[in-house]
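Heads up: the sequence shown begins at 11 in our numbering, then just goes up one per residue. This report refers to the structure that appears directly beneath it.
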Amino acid sequence: MTSLVVPIADHEHWLAVRKQCAATASTAPALVADHPYETPYSVYLRAIGELPEIDENEAMMAGQDAEAMMPARARRVRPTLRLAKNDDFYVHPSLRFGGTPDFFGDDGSIWQAKCVDPAVFYGAWTEGPPLWVQLQLQAEYRLTGATQGGVLVLIRDRRFTTHLYDVPRHNGAIAAIEDAVRDLEKRVATLNPPPVDWERDAAMVVRMHQAVCKTAAPADLSADARAHDLCQAYMLAAASEAAARKAKDAAKAELLTLIGAAPGAVCGAYTIRANAVAAQPDQPITTEMVGQMLKGRAAYRNFRIAEKV
């Protein structure tokens, strides 16, 4: 069945249309595979309106700005490819599931665009687009009906290095995504959340509970054995964290003493970076500058240790 195509007027309109979906092409991959930004529980919470959309940050806005140069960068890599920015939102004909492909090729292909930090690219993209990115493209294949396309990635380095990856349509992956979204809709209808991954979902759950307390009396968890175990685990972890921080700070102080005025060092299997960074007069104090208390005018050491691969 053909998807419904909704022309998008502006960013606010796109957010409003997107909010009507239980899952989108960018979040649905988390329902079937590991995702760096979403989990099944976070997708569920957004679907029932308990979790707001992620606020735009500078990195996200920089990625949106970078999209303007991507068609030209793509032509440098593949001169025959002509890309046009897509301004339509595609909605699945029978599921609350939609998405917005980034670009269409003049040959009918669709292209998912990513603007990636060099450290992320050379860490997670060494064998091609990560699975969650490929699954996002598969979702867009289903929504648009396209049969060919791929992933366009622009690295935020000095040369704006660009790579193109052809990713074929995979009907098995598409079916798995549709089944996962269908299961999500059932969970939303019955308010039956998926299991929480307490490690991966921790930061999100803590943010949800930052609201002002609504009752005066404390909750009584005296009879809850799990709550007792969690209190004990928290206290043990806090003690270990404090000890680890002291050991880390001590090791850093001794290493800086050994390095002296050098900008770094090599140490067997490790490389140490300890270059001096001069802060600007209007630069706010960062964690690296704590203790120097010169209101942004001090230099500090950019200290990093990496293990050689």
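Where is the CB? At the ideal position from N, CA and C, for every residue including glycine.
Buried versus exposed, by CB contacts within 10 Å (16 or more), residue i
i: K124; result: buried
i: V53; result: buried
i: R236; result: exposed
i: A82; result: exposed
i: L231; result: exposed
i: M80; result: buried
i: H219; result: exposed
i: R169; result: exposed
i: Y47; result: exposed
i: R217; result: exposed
i: H238; result: exposed
i: S36; result: buried
i: V15; result: exposed
Pairwise C-alpha distance: residue j and residue i
i: V276; j: L240; result: 42 Å
i: D117; j: E22; result: 30 Å
i: P17; j: V27; result: 10 Å
i: M245; j: P103; result: 51 Å
i: P178; j: A199; result: 34 Å
i: L164; j: C223; result: 45 Å
i: S13; j: D167; result: 37 Å
i: G59; j: A253; result: 40 Å
i: G182; j: T34; result: 18 Å
i: G115; j: F107; result: 23 Å
i: V206; j: A186; result: 21 Å
i: L105; j: R86; result: 38 Å
i: N202; j: V191; result: 14 Å
i: C31; j: P89; result: 37 Å
i: A257; j: T267; result: 15 Å
Residue range of the beta strand (DSSP E) that includes residue i
i: P50; result: Careful: P50 lies outside any beta strand (DSSP E), inside the alpha helix (DSSP H) at 50–57.
i: K318; result: Per DSSP, K318 belongs to no beta strand (DSSP E) and is neither H nor E.
i: G115; result: 113–115
Beta-bridge partners of residue i, as assigned by DSSP
i: L162; result: A123, L174
i: L145; result: Answer is none; L145 lacks a bridge partner.
i: V16; result: F99
i: T34; result: G108
i: R283; result: G274, R314
i: L268; result: BP columns for L268 are empty, so no partner.
i: A94; result: F114
Residue range of the unbroken alpha helix (DSSP H) whose run includes residue i
i: D98; result: First-last for D98: 98–101, but that is the beta strand (DSSP E), not the alpha helix (DSSP H).
i: G133; result: 128–134
i: M214; result: 212–218
i: L25; result: 21–29
i: A226; result: That residue, A226, is in no alpha helix (DSSP H); it is neither H nor E in DSSP.
i: A82; result: 80–87
i: R179; result: No alpha helix (DSSP H) holds R179; DSSP gives it neither H nor E.
Cβ distance (whole Å) where residue i is taken to contact residue j below 8 Å
i: V161; j: Y151; result: Actually they are not in contact, since the Cβ atoms of V161 and Y151 sit about 12 Å apart, beyond 8 Å.
i: A285; j: G274; result: According to the sequence displayed, residue 285 carries Asn and not Ala. 6 Å between Cβ atoms; contact.
i: F113; j: A94; result: 6 Å
8 Å Cβ cutoff, residue i in contact with chain D
i: P203; result: Looking at the structure shown, chain D is missing, and only one protein chain is on hand.
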